[in-house]
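Report on the structure given below.
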Amino acid sequence: MKLSYLVFLLFSGLIHQCCLAEHLVWPDAGGVSTGGLSRESFPPGFVFGTATSAYQVEGAADKDGRGPSIWDVFIRKPGVVADNGTGEVSVDEYHRYKEDVDIMADMNMDAYRFSISWSRIFPEGVGRVNQKGVDYYNRLIDYLLERGVTPYANLYHYDLPEALEESYNGLLNRRVVDDFADYAEFCFKTFGDRVKNWMTFNEPK
């Protein structure tokens, strides 16, 4: 058994027991003990959840009108990632989001923090709206709520639209402030009737 898989099993067992107050045993990994840790070990209102970024999980990088982001360009540089892998397909959450949300619900997760791909909504970073991208996030949000999982939306996870990078050097130009504000306002107005928890930037420094 690969070490990474064993770590995944141990982590999953810990999370599962914390969320469901149940003890899981994998025949090939031995008993997984959390030392009695469960939901009751955490203060009232503690939120158990899971998190992803759009580029890491969505796939469909060039489908349904999505524009390229700076990640799409960066990841194509040889040697940047082992085996020159990309996120062009990834785990294909764009098409398989219901399966992913079902897993979260089955694990009794309270919340899912996902990121919105700016270039899936605005392929050029500004101006024209890609309705198919908007429709995807509406489907995801609606299904999360249907399954009892609270959506937490992150507006930026290091995936600036490549068009803005080429137009004015992206984050190095103050023009990006107004463009980000317009993008954020659009998301708030479009998804804010259902999404009440927002993050502006992932891990700001």
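As numbered in mature numbering (1 follows the signal peptide of the UniProt record, and there is no 0), residues -21 to -1, 1 to 184 make up the sequence shown, in order.
C-beta atoms are modelled at their ideal positions from N, C-alpha and C, and glycine is treated no differently.
None of these values were measured; they are calculated from a predicted model.
{"Check": "Let me confirm a value: residue 58 is counted as buried when at least 16 other C-beta atoms fall within 10 Å, else exposed. Which label applies?", "Outcome": "exposed"}
{"Check": "Just to confirm the assignment, what range does the alpha helix (DSSP H) spanning residue 154 have?", "Outcome": "154 to 170"}
{"Check": "What whole-angstrom Cβ distance do residue 162 and residue 93 have, given they're in contact under 8 Å?", "Outcome": "That belief does not hold up - the Cβ atoms of residue 162 and residue 93 are roughly 16 Å apart, past 8 Å."}
{"Check": "Only counting the same chain, and skipping five residues up and downstream in sequence, which positions put a Cβ closer than 6 Å to that of residue 6?", "Outcome": "Residue confidence is low: residue 6 scores 37 on pLDDT, short of 50, so the model does not pin down where it sits. No coordinate-derived value is stated."}
{"Check": "Kindly list the residues whose CB is nearer than 7 Å to the CB of residue 203, restricted to its own chain and excluding five residues on each side of it in sequence; keep chain order.", "Outcome": "Past the edges of the chain, shown from -21 to 184, lies residue 203, and the structure says nothing about it."}
{"Check": "Are the stretch 45 to 64 and the stretch 77 to 88 in contact at 8 Å, needing three or more beta carbon pairs?", "Outcome": "no"}
{"Check": "By the 10 Å Cβ neighbour count, where 16 or more other Cβ atoms means buried, how is residue 158 classified, buried or exposed?", "Outcome": "buried"}
{"Check": "When we look at the beta-carbon of residue 82 and count the other beta-carbons within 10 Å, is it buried (16 or more) or exposed?", "Outcome": "exposed"}
{"Check": "Please look up how many angstroms separate the CB atoms of residue 136 and residue 33, rounded, as I've assumed it's under 8 Å.", "Outcome": "6 Å"}
{"Check": "On a Cα-Cα basis, can you pick out the residue from 36, 96, 172, 174 that is closest to residue 75?", "Outcome": "36"}
{"Check": "Return the CA-CA distance between residue 172 and residue 19, expressed in angstroms with no decimal places.", "Outcome": "32 Å"}
{"Check": "According to DSSP, is residue 88 part of a helix, a strand, or is it coil?", "Outcome": "coil"}
{"Check": "On a Cα-Cα basis, can you pick out the residue from 118, 182, 142, 43 that is closest to residue 109?", "Outcome": "43"}
{"Check": "What are the residues that DSSP puts in a beta bridge with residue 133?", "Outcome": "94, 178"}
{"Check": "Reducing DSSP to helix, strand and coil, say where residue 12 ends up.", "Outcome": "coil"}
{"Check": "So what does DSSP say about residue 32, is it helix, strand or coil?", "Outcome": "coil"}
{"Check": "I think residue 122 touches residue 77, with their Cβ atoms under 8 Å apart; what is that distance to the nearest whole Å?", "Outcome": "6 Å"}
{"Check": "Using the beta-carbon count (16 or more within 10 Å), is residue 144 buried or exposed?", "Outcome": "buried"}
{"Check": "Where do the N-terminal and C-terminal ends of the alpha helix (DSSP H) with residue 111 fall, by residue?", "Outcome": "110 to 125"}
{"Check": "Just confirm the distance between the C-beta atoms of residue 134 and residue 177, as a whole number of angstroms; I'd bet it's less than 8 Å.", "Outcome": "7 Å"}
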